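For the sequence shown, position 253 matches number 252 in numbering that gives the first Met the number 0, and the numbering has no gaps at all. Glycine included, every Cβ here is placed at the ideal spot set by N, Cα and C. Remember, it's a predicted structure, so these values are computed and weren't measured experimentally. I have placed the structure first, in the form of structure tokens, so that the comments after it can refer back to it.
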Amino acid sequence: MINFADVILDLQQGDSGKGKISNSLVQTGDYTHSVRFNGSNNAGHTIYKDGKKIVTHSIPAGVLHGVKSIIGPGCVVNVDHFFDELDDLEDCGIDLNGLVYISKNTHIITSSHLEDDGRDTKIGTTKRGNGPAYRDKYDRKGIRASEVHELQPYLIDVYEEFHGKKGCSVLFEGAQGFYLDVDWGDYPYVTSSHCTVGSAVMNGVPPQKIRKIYGAAKIYETYVGTKKFEPDDPVFEKIRGLGNEYGATTGRPRQCNWLDIDNLVKAARINGVTDLVVSKMDILRSIGMWCLYYHGKKLTFSSEMGIKDFITNQIGSDVTIYWSDNPENL
Ligand code: IMP
Ligand code: MG
């Protein structure tokens with residue numbers, strides 16, 4: 000039986016602090032399960048635990064705090080990478096015993112998917128085989144986790160797990176972001192999965208059980224991929240440096256730009272966000288500039304208070320906003 004499920008999703012182009020939110024929330028002790036609902040090891044979540052940097056890719060953050068962690072059926076999995084990630088987490092001193100599972104109907108990224116994605120020059124993918132794996136899943140040519148011998152000890156049936164006798168409380172952790180979603184993003188400069196709240200409920204939990212929807216955003220935006228995103232202005236080089244805006248998966252420099260408030264409001268509304276976490280307030284504070292785009296025009300604020308008031312007004316009073324200025328906590 001499911002008591003409730005909370006969802007964490009990204010309202011921008013990825014890298015907006017989902018890992019940090021997930022890591023904070025699982026420590027409340029409110030959750031019995033931590034579940035990744037889309038994407039693969041194309042994602043990179045940077046998490047600071049006791050001051051130490053840990054990067055996760057396909058395994059949700061619950062595992063860092065003893066919470067049963069599942070790679071859901073909406074994800075695709077690279078088997079070799081999965082075992083490497085387990086090793087890396089163990090090397091960081093994380094006890095994984097009995098905690099990590101893959102839904103038996105989750106699809107697999109094969110070596111031919113990696114080859115296909117390796118040839119991409121158009122989108123600027125992470126070359127992790129993500130798109131070709133989803134292509135074959137929908138083309139009904141894919142392989143599921145249940146068919147892979149080495150994965151047998153990790154397989155789980157999410158129906159039995161969530162709808163069995165025990166009361167469950169699930170924390171869903173998304174990958175990528177709303178503006179990389181295959182339908183809502185700037186197609187074709189998107190990922191191949193769904194990054195919305197709808198994508199979370201496709202992983203075995205009914206919509207009536209969703210309690211809170213945490214939207215992750217940064218006070219400025221970043222994007223990795225081939226299209227031009229960053230305006231020609233040296234301030235963004237500064238933001239990249241101070242904000243350490245380099246891909247957690249590929250190490251590529253992330254292009255930076257000011258926040259687009261209209262896009263943020265749209266993503267928050269479409270996903271029914273109840274709680275908004277705006278991260279990296281410290282970065283704009285240290286450059287002493289506060290700007291955003293509103294109806295296509297750049298607005299400049301003279302103080303942090305000014306930009307916060309403007310965002311709060313636009314988002315609306317039904318959403319709780321957290322302003323985060325450090326990499327460890329909300
Ligand atoms: P793919 O998901 O590897 O196919 O890449 C498609 C697009 O999504 C590219 O622009 C990637 O840089 C971007 N992307 C994929 N995963 C992430 C992520 O976790 N953070 C930021 N961008 C990502
Ligand atoms: Mg990331």
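query: Inter-residue spacing [alpha-carbon to alpha-carbon] between Val223 and Asp180; result: 14 Å
query: Runs of beta strand (DSSP E) lying entirely within the segment 64-130, each at least 3 residues, in chain order; result: 67-70, 99-102
query: Counterpart residues of Asp259 in DSSP-defined beta bridges; result: Tyr292
query: Paired residues, beta bridge with Ile1 - DSSP; result: Cys167
query: Ranges of the beta strand (DSSP E) found wholly within the segment 219-263, counting only runs of at least 3; result: 219-222, 254-259
query: Selection from Asp86, Arg284, Ile7, Ile260 that minimises the alpha carbon distance to Gly315; result: Ile260
query: Segment limits, alpha helix (DSSP H) that includes Ile20; result: 17-25
query: Sufficient close CB pairs (3 or more, under 8 Å) joining the segment 135-144 to the segment 162-169; result: no
query: DSSP three-state assignment for His56, whether helix, strand or coil; result: coil
query: For Thr311, three-class secondary structure by DSSP; result: helix
query: DSSP-derived helix/strand/coil call for Val196; result: helix
query: Three-way DSSP call (helix, strand, coil) for Arg268 in this model; result: helix
query: Beta carbon of Leu10 nearer than 8 Å to that of Gly173; result: no
query: Gln12 Cβ short of 7 Å to the ligand IMP heavy atom set; result: yes
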